[in-house]
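Note sheet for the following structure.
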Amino acid sequence: MARLRKYRFAFAAAGALALTAGLAPMSALGQPADPFEDRQARDEDEVFGDGETGPRGLRGRLKPERARAPGSQSPAGPGRDTGDRDIAGEAIFREPPDPLRDPLTAPGLDMDQTGRRVAGANDAGPADAEGPEEDPYAALGVRLGSFLFFPELSVESVYDDNLFLSPSAREGDWALVLTPSLRVQSAWSRHSLTGTLNGVRSYHDRFSSENDETFSAGVAGRLDIRRNTNLVAEANYSQSLEDRSSSDFPSGTAGRAETRNQDVSLEGNHSFNRVTLTLRGNLFEEDFDDGTSEDGSVINNDDRDFTERRVTARVSYEFQPGVAGFLEASVNERNFAESVDDDGTRNGSSGRDMQGGLSFQLTGKLTGEISAGYALQTPDDATLSDIDGLIFNAGLEWQATGLTTLRLDASSQVDETTQAGSAGSIVRGAAVSLEHRPRRHITLGASLGYEREESSGSGDVDEDLEFALTGEYNFTRSAALTAAYSYLDSTSSTPDSDYSVNQFRFGVRVRR
268 MARLRKYRFA FAAAGALALT AGLAPMSALG QPADPFEDRQ ARDEDEVFGD
318 GETGPRGLRG RLKPERARAP GSQSPAGPGR DTGDRDIAGE AIFREPPDPL
368 RDPLTAPGLD MDQTGRRVAG ANDAGPADAE GPEEDPYAAL GVRLGSFLFF
418 PELSVESVYD DNLFLSPSAR EGDWALVLTP SLRVQSAWSR HSLTGTLNGV
468 RSYHDRFSSE NDETFSAGVA GRLDIRRNTN LVAEANYSQS LEDRSSSDFP
518 SGTAGRAETR NQDVSLEGNH SFNRVTLTLR GNLFEEDFDD GTSEDGSVIN
568 NDDRDFTERR VTARVSYEFQ PGVAGFLEAS VNERNFAESV DDDGTRNGSS
618 GRDMQGGLSF QLTGKLTGEI SAGYALQTPD DATLSDIDGL IFNAGLEWQA
668 TGLTTLRLDA SSQVDETTQA GSAGSIVRGA AVSLEHRPRR HITLGASLGY
718 EREESSGSGD VDEDLEFALT GEYNFTRSAA LTAAYSYLDS TSSTPDSDYS
768 VNQFRFGVRV RR
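Residue 637 in this note's numbering is what sits at position 370 of the sequence shown, and the numbering runs on without skipping anything.
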């Protein structure tokens, strides 16, 4: 559906980094009534002590990222596949903690492993009785030296009743899907390093052309320079087969072309008093193999290969412990391997966006962030019109009770396209998901996602609505049964383009 779906469905590491910006200094034990008073002078001269892991503060950045693991859910919700393309609600299945993503608060400290201050960790008063309960079935990993290894294997039987996303000629098929993964994370008191390997291999009963072969690898690290300064770096690589739902998927093709993605980023964070400054740079490359048409001729995909460079700056202000406001601006440049398309259109564009919002780190209650703003993308070809509009992003998690969690995710982005007469589209999506554990070993989930894509030039509008149910039954920390059902309804202003899909998944997961 969207040209640059990578921002929601990127293909890299399961433990890939949720960038730790929004840092704010940690208030010390026995702090004065004003936890922010005159902390800059103290922080500049202090060194790390035992158990202190990095710059202190708040970010909670849950904005959709490029890097994801096969089977994880995009914040916008809808997905469609029997293998590496997700179904809404799959993210309800929890994974082991990641030190660059999931806070692991150390006893007696008011900061987590990402360096963010945990609101209320050392505040007066009893602990929140309604906070999340520790998962007794979470993977513990295998320790080798100062690293923890988390191997995992999922084996699923998947049935899709409309494998080719056809409006009328529906073809269903069963598939055996194998999903191995390995995550490695450091267990250091300072700095952090995480590596991931993921794969998806599916075997269809009737249509072998739809077999998926996906591989991804990633590494992410955080270097703690001072108490209030750090550097975060990430690199990811993946290869997979193109999604049939892409708006740029060539018509009349006999199969799906292989795509390769590379993504690297570097981020610097510095905090003083209540203010945090963040500067981040990203480089993303996508390469498509040529396709083969039904008559055997070659489909040239070289004009779809592109590179994007993006620079983002953010300033945040923590106006009370656990709550911060922020402003963020970014600029980007998108260049294609072939500057002129097969139809004579100049490829490429440059853009900018600005947004402001709130981030929360109220442990046991509300975490994440929400923001709104404006985006503008200007194509290199003067005959094409600019793409602009309001954007809204969110990644909020509310711990309603110790056993019930509610999530709101939303994303907006400007996507490129190589379709004639169009510079691209604005894609907006949102999803609500609920997870509940009626028993300690049983996890149930439900989610509802909606996505709307408005194309520039042609005026085409595509809409996706997806509903999903999930379930997980844990026998031990190492073994569980999983099940999921999803329904996707896709409508389009383009004639004869509407379709729907029912998908059923049943499987077993083993891990350490």
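Even glycine gets a Cβ: it sits at the ideal position worked out from N, Cα and C. Since we're looking at a predicted model, the values are computed, not measured.
**OP:** Could you say which of Pro762, Ser760, Ser513 and Leu755 lies nearest to Gln770 if we only look at CA atoms?
**Re:** Here residue 770 refers to the residue found at position 503 when the sequence shown is read from its first residue. Closest by alpha carbon: Leu755.
**OP:** Measure the alpha-carbon distance for Trp665 versus Gly522 and round it to whole angstroms.
**Re:** In the sequence shown, counting from the first residue as 1, residue 665 sits at position 398. In the sequence shown, counting from the first residue as 1, residue 522 sits at position 255. If I take the Cα positions, the gap works out to 42 Å.
Original post:
Got a sec? Which residues, its chain only, sit under 6 Å from Arg547 by beta carbon, not counting five neighbours each side?
Top reply: Within the sequence shown, numbered from 1, the residue matching residue 547 stands at position 280. Around Arg547: Glu534 and Thr579.
Original post:
So what's Lys273 in DSSP terms, helix, strand or just coil?
Top reply: One-based indexing of the sequence shown puts residue 273 at position 6. Residue placement at Lys273 is flagged as unreliable, the pLDDT there being 37, under the threshold of 50; the coordinate-derived value follows with that caveat. If DSSP states are grouped into helix, strand and coil, Lys273 belongs with the helices.
Original post:
Does DSSP put Glu534 in a helix, in a strand, or in coil?
Top reply: Along the sequence shown, read from residue 1 onward, the residue named residue 534 stands at position 267. Looking at Glu534 - three-state DSSP - the assignment turns out to be strand.
Original post:
Can Phe551 and Arg577 be called in contact, C-beta distance under 9 Å?
Top reply: The residue you call residue 551 lines up with position 284 of the sequence shown. The residue you call residue 577 lines up with position 310 of the sequence shown. Taking 9 Å as the Cβ cut-off, Phe551 and Arg577 qualify as a contacting pair.
**OP:** Can you check the stretch 430-454 for any beta strand (DSSP E) of at least 3 residues that lies completely inside it and give the ranges in chain order?
**Re:** For the stretch 430-454, whole beta strand (DSSP E) runs of length 3 or above, ordered along the chain, are 440-453.
**OP:** Give the straight-line distance between the Cα atoms of Thr496 and His458, rounded to the nearest whole angstrom.
**Re:** As a first step, residue 496 is located in the sequence shown; it is residue number 229 there, counting from the start. As a first step, residue 458 is located in the sequence shown; it is residue number 191 there, counting from the start. Distance between the alpha carbons of Thr496 and His458 is about 11 Å.
Original post:
Using a Cβ-Cβ cut-off of 7 Å (strictly less than) and excluding sequence neighbours within five positions of Leu673, which residues of its own chain qualify?
Top reply: Along the sequence shown, read from residue 1 onward, the residue named residue 673 stands at position 406. These residues qualify, in order along the chain: Trp665, Ala667 and Leu701.
Subject >> Cβ separation of Asp620 and Gly589, assumed to be a contact under 8 Å, to the nearest whole Å >> reply: For the purposes of this step, residue 620 is taken as the residue at position 353 of the sequence shown. For the purposes of this step, residue 589 is taken as the residue at position 322 of the sequence shown. Asp620 to Gly589, Cβ: 27 Å. No contact.
**OP:** Measure the beta-carbon distance from Gly615 to Ser606 and round it to whole angstroms, keeping in mind my assumption that it falls under 8 Å.
**Re:** As a first step, residue 615 must be located in the sequence shown, where it is residue number 348. As a first step, residue 606 must be located in the sequence shown, where it is residue number 339. Gly615 to Ser606, Cβ: 7 Å. Contact.
Original post:
Among Asp729, Thr749 and His471, which one has its Cα closest to the Cα of Ser757?
Top reply: If you number the sequence shown from 1, residue 757 lands on position 490. Nearest in C-alpha terms to Ser757, of all of Asp729, Thr749 and His471, is Asp729.
Original post:
When the distance is taken between beta carbons, is Trp441 closer than 9 Å to Ser424?
Top reply: The residue labelled residue 424 in the question sits at position 157 within the sequence shown. The residue labelled residue 441 in the question sits at position 174 within the sequence shown. Contact flag set, yes.
Original post:
Any idea if Ala436 is buried or exposed, counting beta-carbon neighbours within 10 angstroms, 16 or more meaning buried?
Top reply: In the sequence shown, counting from the first residue as 1, residue 436 sits at position 169. Exposed is the call here.
Subject >> Between the CA atoms of Ser753 and Phe734 - distance to the nearest angstrom >> reply: Locating residue 734 in the sequence shown gives position 467, counting from the first residue. Locating residue 753 in the sequence shown gives position 486, counting from the first residue. The straight-line gap from Cα to Cα measures roughly 6 Å.
Original post:
What residue from Glu739, Thr761 and Arg744 has the CA that sits closest to Arg772's CA?
Top reply: Here residue 772 is taken as the residue at index 505 of the sequence shown, counted from 1. It is Glu739 whose Cα lies nearest to the Cα of Arg772.
Original post:
Which class does Arg719 belong to by DSSP, given the choice of helix, strand or coil?
Top reply: Indexing the sequence shown from 1 puts residue 719 at position 452. Arg719: strand per DSSP, three-state reduction.
Subject >> Between the CA atoms of Thr671 and Gly563 - distance to the nearest angstrom >> reply: Stepping through the sequence shown from its first residue, residue 563 is reached at position 296. Stepping through the sequence shown from its first residue, residue 671 is reached at position 404. Cα to Cα, the separation comes out at about 53 Å.
Subject >> Rounded separation between Ala502 and Thr463 - CA only >> reply: Numbered from 1 along the sequence shown, position 235 holds the residue referred to as residue 502. Numbered from 1 along the sequence shown, position 196 holds the residue referred to as residue 463. Looking at the two C-alpha atoms, the distance is approximately 11 Å.
**OP:** Whole angstroms is fine: what's the gap from Val542's alpha carbon to Arg613's?
**Re:** As a first step, residue 542 is located in the sequence shown; it is residue number 275 there, counting from the start. As a first step, residue 613 is located in the sequence shown; it is residue number 346 there, counting from the start. Roughly 43 Å between the two C-alpha positions.
**OP:** Could you spell out where the beta strand (DSSP E) holding Val598 opens and where it closes?
**Re:** Counting from one through the sequence shown, the residue named residue 598 turns up at place 331. First-last of the beta strand (DSSP E) with Val598: Val590 to Phe603.
**OP:** Could you name each continuous beta strand (DSSP E) segment of 3 residues or more that falls completely within the stretch 599-654, going from the start of the chain to the end?
**Re:** 616-629 and 633-646
Original post:
Using CA coordinates, which residue listed in Tyr717, Val467, Asn429 and Ala406 is at the minimum distance from Arg473?
Top reply: On the sequence shown, residue 473 is found 206 positions in, with the first residue counted as 1. Ranking the options by Cα distance to Arg473, first place goes to Asn429.
Original post:
CB-CB under 6 Å to Arg511, same chain, minus the five flanking residues each way: which ones, in chain order?
Top reply: Here the question's residue 511 lines up with position 244 in the sequence shown. Correct list, in chain order: Leu432.
Subject >> Through-space distance from Val565 to Leu675, alpha-carbon basis >> reply: Taking the sequence shown and counting its residues from 1, one reaches residue 675 at position 408. Taking the sequence shown and counting its residues from 1, one reaches residue 565 at position 298. The straight-line gap from Cα to Cα measures roughly 43 Å.
Subject >> Outcome for Ser764 when other beta-carbon atoms lying within 10 angstroms are tallied against a minimum of 16 >> reply: As a working note, residue 764 is residue 497 in the sequence shown. Classification for Ser764: exposed.
Subject >> C-beta contact flag for Thr737 and Ala713 at 9 Å >> reply: Here residue 737 refers to the residue found at position 470 when the sequence shown is read from its first residue. Here residue 713 refers to the residue found at position 446 when the sequence shown is read from its first residue. Yes.
Original post:
When you compare only the Cα positions, how much space is there between Gln506 and Val531?
Top reply: In the sequence shown, the residue the question calls residue 506 occupies position 239. In the sequence shown, the residue the question calls residue 531 occupies position 264. If you take the alpha carbons of Gln506 and Val531, they lie about 15 Å apart.
**OP:** Enumerate in chain order the residues of its own chain whose CB-to-CB distance from Trp455 is below 7 Å, with the five nearest sequence positions on each side excluded.
**Re:** If you number the sequence shown from 1, residue 455 lands on position 188. The answer, listed in chain order, is Ser413.
**OP:** Consult DSSP for Glu525 and reduce its assignment to one of helix, strand or coil.
**Re:** As a working mapping, residue 525 is identified with position 258 in the sequence shown. Glu525: strand per DSSP, three-state reduction.
Subject >> Nearest neighbour of Asp572, chosen from Ile709, Phe555 and Arg704 [CA to CA] >> reply: Counting from one through the sequence shown, the residue named residue 572 turns up at place 305. It is Phe555.
Original post:
Can you check whether the CB of Thr481 is closer than 9 Å to the CB of Arg494?
Top reply: The residue given as residue 494 occupies position 227 in the sequence shown. The residue given as residue 481 occupies position 214 in the sequence shown. In this structure, Thr481 does not lie closer than 9 Å to Arg494 by Cβ.
Subject >> Glu733, DSSP secondary structure in three states >> reply: As a first step, residue 733 is located in the sequence shown; it is residue number 466 there, counting from the start. Residue state, collapsed to three classes: strand.
Subject >> Residues that DSSP places opposite His703 in a beta bridge >> reply: Working through the sequence shown from its first residue, we reach residue 703 at position 436. Note: His703 sits in a beta bridge opposite Thr671 and Leu711.
**OP:** Rounded to whole angstroms, what's the CA-CA distance from Ser476 to Thr520? Just pull it up for me.
**Re:** What you label residue 476 is simply residue 209 of the sequence shown in a count that begins at 1. What you label residue 520 is simply residue 253 of the sequence shown in a count that begins at 1. When only Cα atoms are considered, Ser476 and Thr520 end up about 11 Å apart.
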